[in-house]
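Shown next, in C-alpha cells, is the structure this report addresses.
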Amino acid sequence: MTGKNCAIAIGINNYHNIESLHYAQRDAAAMRAYFQAELQFERVLHFAEDGDYLPTYAILRRLLRKCSELLKLEAGDNLWFFFAGHGQRYENRDYLLPIDVDPGDIEGTAISLQYVTERLTQCGSDNVILLIDACRHTEQNTGRRDGQGGVGAVRYPGVVTFYSCSPFEYSYEIRQLEQGAFTYALLAGLRRQGEGNCATVERLDRHLSVTVPELNRKYSKPVQTPKAEAAPASKYHLILLPKQANDADVNQLRVDAFRAEMQQQWQQAKELWVRVLINAPGDKDAVEAIGRIAVRLAAGSMMGSETSGVKGISEIPARSNLSQSTDSYLSEENIDFEVNGWDESDENNKAPEESEYIGNLSQEEFDKIFNEVWREKDPDYELLPYRNYETLIEEELPDISISDIVDQIVPTIQNESSEIRFDTYRLTYSYEYVKLDAKGKIVERNQGEAEYFSEDLGEGVTLEMTAIPGGSFKMGGMEYGDEQPIHEVTVQPFFLGKFAVTQAQWARVASFPKVQIELEPDPAYFKGSDCPVEQVSWEEASEFCKRLSQHTERQYHLPSEAEWEYACRAGTTPHYHFGDVISAAVANYDASETWNGSPEGEYREQTVPVKTFPANPWGLYEMHGNVGEWCADYWHDNYDDAPIDGSVWIKGRDSNRRILRGGSWFYSPRNCRSACRIDITSGNRFSWLGFRVVCSVP
8 MTGKNCAIAI GINNYHNIES LHYAQRDAAA MRAYFQAELQ FERVLHFAED
58 GDYLPTYAIL RRLLRKCSEL LKLEAGDNLW FFFAGHGQRY ENRDYLLPID
108 VDPGDIEGTA ISLQYVTERL TQCGSDNVIL LIDACRHTEQ NTGRRDGQGG
158 VGAVRYPGVV TFYSCSPFEY SYEIRQLEQG AFTYALLAGL RRQGEGNCAT
208 VERLDRHLSV TVPELNRKYS KPVQTPKAEA APASKYHLIL LPKQANDADV
258 NQLRVDAFRA EMQQQWQQAK ELWVRVLINA PGDKDAVEAI GRIAVRLAAG
308 SMMGSETSGV KGISEIPARS NLSQSTDSYL SEENIDFEVN GWDESDENNK
358 APEESEYIGN LSQEEFDKIF NEVWREKDPD YELLPYRNYE TLIEEELPDI
408 SISDIVDQIV PTIQNESSEI RFDTYRLTYS YEYVKLDAKG KIVERNQGEA
458 EYFSEDLGEG VTLEMTAIPG GSFKMGGMEY GDEQPIHEVT VQPFFLGKFA
508 VTQAQWARVA SFPKVQIELE PDPAYFKGSD CPVEQVSWEE ASEFCKRLSQ
558 HTERQYHLPS EAEWEYACRA GTTPHYHFGD VISAAVANYD ASETWNGSPE
608 GEYREQTVPV KTFPANPWGL YEMHGNVGEW CADYWHDNYD DAPIDGSVWI
658 KGRDSNRRIL RGGSWFYSPR NCRSACRIDI TSGNRFSWLG FRVVCSVP
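If you read the sequence shown in my numbering, its first letter stands for residue 8, the second for the next number, and so on.
Structure, rendered in C-alpha cells:
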C-alpha cells in the first residue's frame, strides 16, 4: 500500500492593485520543481504568471471548487498546498489575495483561508499540508508579504499548517537569497538527509523555528517566527517524507494508533494505522488493527463512539489514477460548475471528540507504564512521549491491554545523589570576574578562586572540571512566557566544565571506542583547537559524554537546565552574571543589536577561543555567548510542574525537542540572558551550537 502525493503551488509577484513582491513567484517555482523533480509527485498544479495557470480570483476559486474531481485522493494520500504572496485579515476572517484582488472588496475578490482548507479537505486525503508564506500583520511595507492585514492561525481537523511567521509579524523576502526567508528554510529542511532530516511534521517545525530567525538575523531583517498548527495532536508525528523517515518515526505512529484505539478515537486510529501501512508495507499490526476496528464497530460494542466511516483493510479501494486533464475543469465554460458544499454540521467532517476519562492514571504515570510494556514488544525502541495525551479507557487491545499495563508497573527509579567532597580536590585556580554599569562599562574587577579537578584525555589534552557548590536559587525570568513561573530550585553540588568543550577535547574523545553512534573527529565550522567545538547534535554531545564516562570510569552527562542556569548565575540575579546589560567587551554575541541599554559593539560573526573573556563569579567562562550549549532536558513550554531539585526534566514531552542555553556569537543580547531558553530539535547542527559537560560523582 502506497500513498499518493499531489501539490498546488501558488506564487504572486505583480499584483494589479496593491504593492508587488519580488520573489514569491520564484518561491512557487522552486516548490513546484521540488515536488515534481525531487519527490516525483503524481500531480503538481502551478499557479503563477509563468505557471500553468494565472492565479486570478476566478481561476483559484474554480480550482478549489473542483479539486475533489481533479485530484481524487483517498485515505493515506497527501495533498500539499503552497502559497507565497499577500495575506490579509478582514472581519475576523483570514484571506489569501489573488493577483487581481480589489483592496476595497476583500470579501468579494480574495479567498478565505477557511474556504481553502474546507475545499482541500473535501478531496479525500486525510492529510492536508498547508505552507503559507504570507504576513500576519496590518502595516504595509516593501519586502514584506502582507496586504493590509495578515493570515491568522486556525486549527482545522486533519490539516497541518506551517505559517511563515507568528501573529502580528511580517514575513520577509531576502534580496541576497532571492527568496522569502521561510521558503528558503523550508526547502533546506525538506532536503536534509540523514539523522537530522525533517521527515516528520515535528522535526520540520523545529527546523523552521530555528532556521528562519537565524536567516533574518544574518541578513539584518526583523524577527520572524514560524509557527505550525496541527489537529489532532498526533499529526505532529505525521511522516511527510517516507523515504527519509526512520524506524522510530514509524514506531511512533504505531504508538499513536494504539493510544487512539485506547481512547476510542476509531477514525483517528484507522487513519494512523493506514499511515503505518504506507510507511511499512505489510505491517502485521496495522493490517490486524484496521480489521479489528471494523469488526468492533460492526458488532456495535463501542458505546458512545463513532459507528460508521471505518473500513476493513479489504474494503479500502485501490488508488485512482489522474489521467484526466485538468484543463477541462479549469476552462471558462465550467466556471459556474459547483461541487457539493462543505457542511459544518456533518459529523464526518469534525475531529473525533476525546473519550471520557476512566481511571485515575495521569499522563506521566501512563506514559511510564506504557513505555515498559512497549519495550517488551520492541526492546530497541525508545518511545517518544505523546503530545497532549489526556485520556485512558479500560479497553483491551490484542497485544497490549490495560491489564498488561497495570500488572507491569515498574517502581519509580530513584536518583541517588552522592555528595561531592570538595576537600578531596585540592587543585584551585584564580580568575577575574567583572561587573558592568547600566551603560555596559566595566565598573568592578574582582578576583576569585575555584576548586577543580583535571581529567587527562591523553596527548597533552585535559578537561578541567570546576566545583559548583550546592544551594538554592530563583530559576526563570520575566521576558518570555516560557521562562515562567519563576520558581525556587535546590541544586546538589556537582562539577561543570570550566568552559565549553573545545575542538581539541572533542577530537580526543571522538577517538575513544564507540558506545552508540559514530563521531566525526573535526565537525567544527570555525577551526581552532582551543575554540569550542560546534556543529554537533544533541545525540553526538551525549555520545561524547558516554565515551568520556566509559574511558574515565566517572559519570559524565549534559547538564540539566536547572544546573546550567544555577551555575551561570553563580549567585547573581540580574539578566547576566555581570549585570543587567551585556557588552562586546565581556562576551561574544551579535553586538550590532542593542537591548535594555546594552551598547552597540563589535559583531565578530564567529566563535573565539575559550577563556577570551572574564569568568563568572564561580570561575566559569563564556556562559553568555560564543556557542549555545545543549542541556539534557526535553523542551517544555513553561515551568509549570518543573522539578525543584535540579534534576533533568524528561517527562511528558517529545525527546526530539531539547533545550539550548547561553546564547551564542550569532544571538542577540536578549537571547544571551541567564534565563533565556531556546527550543531546538536534537538533530540540529549549527556553527553556533556546542556544549559543556557535568560530572556528578568524580
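From the three backbone atoms N, C-alpha and C, an ideal C-beta is built for every residue, glycine too.
Quick one, which of the options has its alpha-carbon nearest residue i's?
i, options, result
"A81", "P110, E278, Q186", "Here the sequence assigns Glu to residue 81, which means Ala is not the residue at that position. Among P110, E278, Q186, the Cα nearest to that of E81 is on E278."
"Q562", "Y573, I300, E572, S549", "S549"
"V283", "W273, Q271, V262", "V262"
"Y487", "C683, A591, A293", "C683"
"D254", "S241, A296, R452, D290", "D290"
"F502", "E268, T509, L470", "L470"
"S599", "V655, P249, T218, K225", "K225"
"G653", "G483, G659, N595, H214", "G483"
"A517", "F506, Y436, G465", "G465"
"P220", "T207, K234, V208", "K234"
"H494", "H584, D648, W280", "D648"
"D640", "N623, K658, P624, G626", "K658"
"G467", "K481, T497, Q512", "Q512"
"F533", "R660, K618, W602, L696", "L696"
"D109", "R72, T63, D84", "T63"
"Q121", "I139, G111, V617", "I139"
"T688", "T473, S216, H558, E125", "S216"
"N623", "E609, T579, N258, I651", "T579"
"W87", "E527, P492, R182, V208", "V208"
"Q259", "N663, S479, R699", "N663"
"I524", "G535, E547, F506, G504", "E547"
"Y674", "F189, L222, K11, E439", "L222"
"G626", "L104, F519, M472, P566", "M472"
Tell me where the alpha helix (DSSP H) around residue i begins and ends.
i, result
"F265", "254–269"
"W637", "Premise fails: W637 lies in the beta strand (DSSP E), 635–641, not in any alpha helix (DSSP H)."
"M472", "Not the alpha helix (DSSP H): M472 falls in the beta strand (DSSP E), residues 468–475."
"L718", "Beyond the ends of the chain as shown, which are 8 and 705, falls residue 718; an answer cannot be given."
"F189", "188–197"
"Q121", "120–128"
"Q43", "It is not in any alpha helix (DSSP H) - Q43 carries neither H nor E in the DSSP assignment."
Taking residue i as part of the beta strand (DSSP E), name the residues at either end of that continuous run.
i, result
"H494", "494–498"
"Q557", "Per DSSP, Q557 belongs to no beta strand (DSSP E); it is in the alpha helix (DSSP H), 545–559."
"I113", "Counting along the chain, I113 falls outside any beta strand (DSSP E), though it belongs to the alpha helix (DSSP H) covering 113–116."
"T435", "435–443"
"R665", "664–668"
"L52", "50–54"
"D140", "134–140"
"L99", "According to the sequence displayed, residue 99 carries Asn and not Leu. Taken as a continuous stretch (DSSP letters only), N99 belongs to no beta strand (DSSP E), as it is neither H nor E."
Are residue i and residue j touching if we call contact CB-CB under 8 angstroms?
i, j, result
"G94", "L28", "no"
"C13", "L61", "no"
"Y722", "I118", "A question about residue 722 goes unanswered here, because the residues of the chain that appear run from 8 up to 705."
"C638", "E560", "no"
"L211", "G196", "yes"
"D529", "T509", "no"
"V617", "S605", "no"
"Q231", "E176", "yes"
"L193", "T168", "no"
"R126", "S173", "no"
"C450", "P621", "The displayed chain sequence assigns Val, not Cys, to residue 450. Result no, Cβ atoms of V450 and P621 do not sit closer than 8 angstroms."
To which residues of the same chain is residue i closer than 6 angstroms at the C-beta, ignoring the five residues directly before and after it?
i, result
"M38", "A16, F89"
"D334", "Because D334 sits at a pLDDT of 37, beneath the cut-off of 50, its placement in the model cannot be relied upon, and the following sentence gives the value as read from the coordinates. Within the same chain, D334 has no close Cβ partners at all."
"V615", "N595"
"N204", "Q251"
"L555", "V516, Y563"
"H53", "A16, R39, D59"
"D133", "A82, G165, E278"
"S703", "F501, Q562"
"R752", "Any answer about residue 752 is impossible in this case: the structure gives the chain only from 8 up to 705."
"F551", "V516"
"T116", "Y64, V108, D109"
"A55", "G18, Q32, A35"
For residue i, collect the residues of the same chain with a Cβ closer than 7 angstroms to its Cβ; drop the 5 residues on either side in sequence, then sort them by chain order.
i, result
"Y489", "Per the sequence presented here, residue 489 reads as Asp, with Tyr not at that position. D644, N645, R684."
"P476", "P500"
Below 8 angstroms CB to CB, which residues in the same chain sit around residue i once its five sequence neighbours on both sides are set aside?
i, result
"E45", "R198"
Under 8 angstroms between C-beta atoms, does residue i make it to chain D?
i, result
"T614", "Of the protein chains in the structure, only one exists, and it is not chain D."
Fill in: Residue ranges of each alpha helix (DSSP H) within the segment 561–593, 4 or longer
568–576
Worksheet entry | Those runs of the beta strand (DSSP E) which lie wholly inside the segment 215–257 and span at least 3 residues | 234–237
Practice prompt. List in chain order: all unbroken beta strand (DSSP E) runs of 3+ residues lying wholly within the segment 477–535.
Written response: 478–482, 494–498, 501–504
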